[in-house]
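These notes concern the structure reproduced below.
Protein chains: 2
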Amino acid sequence: MAQPAKRAETAKRVKGATPGTGRRAGLDRADMVAKAIELVEAEGPDALSMRRLATELNVATTTIYWHVGSRDELVTEIIRHQSERLAARPIKGKKPRDRIMSAATHIWESSIEHRAITSLAHQAGSSSLLQYPFEVVLATELEAAGLVGPEAALALQSIRATVTGFLVLALRDESSIPRDRRTTAVWAASEAELDRSTLDALATEPDLNKLFEITLQAVIDNHL
Amino acid sequence: MAQPAKRAETAKRVKGATPGTGRRAGLDRADMVAKAIELVEAEGPDALSMRRLATELNVATTTIYWHVGSRDELVTEIIRHQSERLAARPIKGKKPRDRIMSAATHIWESSIEHRAITSLAHQAGSSSLLQYPFEVVLATELEAAGLVGPEAALALQSIRATVTGFLVLALRDESSIPRDRRTTAVWAASEAELDRSTLDALATEPDLNKLFEITLQAVIDNHL
DNA sequence: ATCGGTCTGTAACAGTGTGCAAGTAACACT
DNA sequence: AGTGTTACTTGCACACTGTTACAGACCGAT
């Protein structure tokens, strides 16, 4: 037989202490996912390797495979788990315009808050899964603003792309990028024939939060 | 002594045929970069491994190291080389608004055209380097439109983020993402309380080109 | 003919995800 | 109490990654 894949839990066992004699690790698929999340949040997405996780769990690597199947499944599970955990934040504002903005900002803020897992999801190409619950809320607000069908979809996709862009810029690990290849550094070394003040401004780290707000508002207004 | 790092070219050699006796491969740093670009464009960024490139060049892996230093340097060189090669496309339009749009679209189109290298740059966190020449053009047009200093920088960064977002969505390799985790699939399986037509529209692959144009125009207008 | 810088190859280290076969412990049933 | 089945765990191995220490081979200059 292969793996359980579905949560087995055939036998009820206490997961805290080792159950029977001591051979069984007494660990659950859920335990692995939990530890994986812990690991990712503490040391970033790259720290998540099967061997590392196994060590952390005091278990052989293959045990993880038995429980979760593959690294890919593990990541998916992490994201699924995380997307459920995301606290449904209250939408602020009365006017549709403000409520949409609020819903969109939730994606941004939550993604930054759990930056490690967001990066992980992005790497795995599963950000859709992670952001889905937020997008449902967003879609609801869009419909409340009078947008339905293709119009609502267009607006949502437009917002999605914009948010994604800002997230990529905000979450990329600057510390892992050589100094001379960072955006500001590239502009600082620029010899382009532009106004001095423009060059200086471009060589300065932008305030992404402010920029996000300005840009997103324009994108949203474009659809209302 | 370590590596040359700087293009040595101490002795002038014909790089086509093996020069001396036959021991020397007669390969240049430039040859490695060229082959690497070829490889990346043909089989995607993940196909670029040092061993693979070495095989492709009929050379031992260490030879590559001697010439280019490290994988990271190789990637940087690829990007630098590519960013120079990028044909300076003519800006279309007479009105500043149109010319800015044209400049921004160049980034988009060129990135898609060389999607593999764009992805590579993105993975390595060096997209700044790659897009810099385009951004110079963009900045010039922004100044021509009357934006200078922080205002120009703000506009450029706003546009940069938007373009980045669309690029990420456009370039992520859908074929490597399991069907059930793709955006459209997630929405297709949705049970959210939304209008049927909205759900259907969200389950359909969006026309990113069109969406890009609409969104970017709004972002640009926001700064004029 | 020897010296030294320029290149190239062999072998190895440490790390990754993953598959296979074997083993042990716990349970169910006779 | 003994036996068989299932649930889990493990060690080993494979194929891959980037990178490096070391040992040479080649070549031009002295």
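As you go down the protein sequences, you meet chains A and B in turn. Under my numbering, the residues of the first sequence are numbered 1 to 224, in order. Under my numbering, the residues of the second sequence are numbered 1001 to 1224, in order. Just so you know, even glycine gets a beta-carbon here, dropped at the ideal spot from N, CA and C.
- In this structure, His122(A) is the residue among Ala144(A), Ala203(A), His122(A) with its C-alpha nearest to the C-alpha of Asp46(A).
- When rounded, the separation of the alpha-carbon atoms in Ala42(A) and Val75(A) is 16 Å.
- Where Asp1072(B) is concerned, the enclosing alpha helix (DSSP H) starts and stops at 1071-1085.
- The alpha-carbon of Leu27(A) is positioned some 13 Å away from that of Leu53(A).
- In the three-state reduction of the DSSP assignment, Leu147(A) falls in the coil class.
- The Cβ of Gln82(A) sits no closer than 7 Å to any Cβ of chain B.
- Pairing Ile112(A) with Ala103(A) gives a Cβ-Cβ distance that is not under 7 Å.
- In the structure shown, the three-state DSSP call for Ser1175(B) is helix.
- Taking a Cβ-Cβ cut-off of 8 Å, the neighbours of Ile214(A) in chain B comprise Leu1154, Ser1158, Asn1222, given in sequence order.
- Less than 7 Å separates the beta-carbon of Gly149(A) from that of Thr1198(B).
- When DSSP states are grouped into helix, strand and coil, Leu1048(B) belongs to the coil group.
- In the three-state reduction of the DSSP assignment, Ala1054(B) falls in the helix class.
- When C-beta distances to chain A are compared with 8 Å, every residue of the region 1083-1106 of chain B stays at or above that value.
- Rounded to whole angstroms, Glu141(A) and Asp1031(B) show a C-alpha spacing of 55 Å.
- The beta carbon of Val219(A) sits closer than 7 Å to some beta carbon of chain B.
- Ala1124(B) and Arg29(A) have their C-alpha atoms spaced approximately 33 Å apart.
- When rounded, the separation of the alpha-carbon atoms in Val163(A) and Ser83(A) is 17 Å.
- Within 7 Å of the CB of Asp1031(B), no CB atom of chain A is found; the nearest one sits about 24 Å away.
- A Cβ-Cβ separation of about 7 Å places Ala201(A) in contact with Ala1152(B) under the 8 Å criterion.
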